[in-house]
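Participant:
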């Protein structure tokens, strides 16, 4: 992986991490088109640069992280299901990271679901305190995003809306939940591949995380405003179109497999 390939992947990550379109899915697609070899470092890079993106949440919402200890306990409860399943299914998840057809189908199905969810008008829902049970249920919704192409953001926001949260409140809780989830995933992947990292790889990781951080800062501000005004419809159609294009390319024999 060259520095420029790393920067492109980081831009893709920063834009898509908090949008309901699947950042992992888009990085897999981008890697395929750029012909990036799917070595252990590449797998680790696509997970680790998400840490740069989630740091933007800490910076933008830093006051919320000093609100109360109750806030952290609820995040921990929501984080637990993904922590347990992610550890148990790590090898299966890794194998799916190499499969573009899984991403294509997930994008398509997820887009259709978003169009249905968009009909739930939670815009005028009065914001309320998120309970521990709400947090746990949202945590289980997050587990669905272990399938590449599903989108962690989409699954957790949908989970929150189904608990009666407003779009904005569900989106913000999804952002907060990303912090422990992606920090743990990135840290675990880094520990597993630490002995294979070269000196040049460290530079690539640092640049990737920095780019993802800056781009994600802008993407979060855009997404909150857009979601509040327009809902999920545009993202749903985008996912469906992209999923159909990928399936069409695969059906025509176009090589999209990770090399």
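Numbering (my numbering), first residue to last: 139 to 397. For every residue, glycine included, the Cβ atom is placed at its ideal position computed from N, Cα and C.
#1: Can you check whether the CB of residue 309 is closer than 8 angstroms to the CB of residue 365?
#2: Nearest CA to the CA of residue 351: which residue from 363, 147, 315 and 280?
#3: I'd like the span of the alpha helix (DSSP H) that includes residue 140, first residue to last.
#4: Would you list, in sequence order, the uninterrupted beta strand (DSSP E) runs of no fewer than 3 residues that lie entirely inside the stretch 266-348?
#5: With the cut-off set at 8 angstroms, would you say residue 203 and residue 319 are in Cβ contact?
#6: Could you tell me the distance, in whole angstroms, from the CA atom of residue 255 to the CA atom of residue 335?
#7: Give every residue of the same chain whose Cβ lies closer than 7 angstroms to the Cβ of residue 343, excluding the five residues on either side of it in the sequence, and list them in chain order.
#8: Just how far apart, CA to CA, sit residue 157 and residue 358?
#9: Less than 8 angstroms between the C-beta atoms of residue 144 and residue 383, yes or no?
#10: Under 6 angstroms Cβ to Cβ from residue 223, same chain only, skipping five residues before and after it: list those, please.
#11: What does the Cβ neighbour count give for residue 315, buried or exposed, with the cut at 16 atoms within 10 Å?
#12: Can you tell me whether residue 363 is buried or exposed? The criterion is at least 16 other CB atoms within 10 Å of its CB, across all chains shown.
#13: Does the beta-carbon of residue 289 have 16 or more other beta-carbons within 10 angstroms, so that it is buried, or is it exposed?
#14: Figure out for me which residue from 348, 381 and 174 has the closest Cα to the Cα of residue 159.
#15: So, under 8 angstroms CB-CB, residue 354 and residue 163 are touching, yes? Tell me the CB distance rounded to an integer number of Å.
#16: Can residue 210 be considered in contact with the ligand ADP, in the sense that its beta carbon sits closer than 7 angstroms to one or more heavy atoms?
#17: Report yes if the C-beta distance between residue 225 and residue 321 is below 8 angstroms; otherwise report no.
#18: How far does the alpha helix (DSSP H) with residue 375 in it reach, from first residue to last?
#19: Quick one: grab the DSSP three-state call for residue 238.
Facilitator: Reading off the structure:
#1: In this structure, residue 365 lies near residue 309, with their beta-carbon atoms less than 8 angstroms apart.
#2: The shortest C-alpha separation from residue 351 is found at 147.
#3: Premise fails: residue 140 is in no alpha helix (DSSP H) and is neither H nor E.
#4: Taking only runs of at least 3 residues, no beta strand (DSSP E) segment lies wholly in the stretch 266-348.
#5: In terms of Cβ geometry, residue 203 and residue 319 do not form a close pair [threshold 8 angstroms].
#6: Taking the straight line from one Cα to the other gives about 42 angstroms.
#7: Cβ neighbours of residue 343 beyond the five flanking positions: 183 and 186.
#8: Straight-line Cα distance between these residues: approximately 8 angstroms.
#9: The Cβ atoms of residue 144 and residue 383 lie no closer than 8 angstroms to each other.
#10: For residue 223, same chain residues with a beta-carbon under 6 angstroms away, outside a window of 5 residues either side, are 281 in chain order.
#11: The C-beta of residue 315 has 16 or more other C-beta atoms within 10 Å across all chains shown, which makes the residue buried.
#12: With fewer than 16 Cβ atoms within 10 Å of its Cβ, residue 363 is classed as exposed.
#13: Buried: at least 16 other Cβ atoms inside 10 Å.
#14: When only C-alpha atoms are compared, the closest one is 381.
#15: At roughly 17 angstroms, the Cβ-Cβ gap does not stay under 8 angstroms, so residue 354 and residue 163 are not in contact.
#16: Inclusion of the ligand ADP in the displayed structure is not the case, the ligand content being empty and no account of it being possible.
#17: Contact: no.
#18: Residue 375 -> alpha helix (DSSP H) spans 371-389.
#19: Three-state result, residue 238: helix.
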